[in-house]
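Residue numbers for the sequence shown follow the working numbering, so the first one is 30 and each next one is one higher. Note that CB positions come from ideal geometry on N, CA and C, so glycine has one too. Predicted model, so just to flag it, every value in this text is computed and none were measured.
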Amino acid sequence: MHLKIFFFAELRERMNREFIESEFQGVKNIRELQEKLEEKFEVLRGCFAEDKLIKIAINHEYCSLDAELRDGDEVAFFPPVTGG
30 MHLKIFFFAE LRERMNREFI ESEFQGVKNI RELQEKLEEK FEVLRGCFAE DKLIKIAINH
90 EYCSLDAELR DGDEVAFFPP VTGG
């Protein structure tokens, strides 16, 4: 399945890029995608832990970890942002 994945805030800094486009075999939902991303990109390991409160959107609509993915979807990860 081909996905375009956008990263914001801390995740963008860790990845050193705004987005990636890639094929993900055997991924059915957001939870499985997060696992694949942590396997593929060492800098993301631990970033998707339950206590991280990351918001997720598929095609510009917020979703849950169990939301199903389809070929061509755009997924965005929004970690909490702090500022002063």
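Exercise for review: Report the rounded CA-to-CA distance for residue 107 versus residue 83, giving the unit in angstroms.
Suggested key: 5 angstroms
Practice item. Count the other C-beta atoms from every protein chain shown that fall within 10 angstroms of the C-beta of residue 72, then say buried if there are 16 or more, exposed otherwise. Key: Residue 72 counts as exposed, since fewer than 16 other beta carbons sit within 10 angstroms of its beta carbon.
Review point. Nearest-angstrom Cα distance between residue 35 and residue 54?
Key: 18 angstroms
**Study point:** Test item: CB-CB of residue 94 and residue 59 under 8 angstroms
**Key:** yes
Review point. What does residue 86 pair with, by DSSP beta-bridge criteria?
Key: Under DSSP, residue 86 shares a beta bridge with 91, 105.
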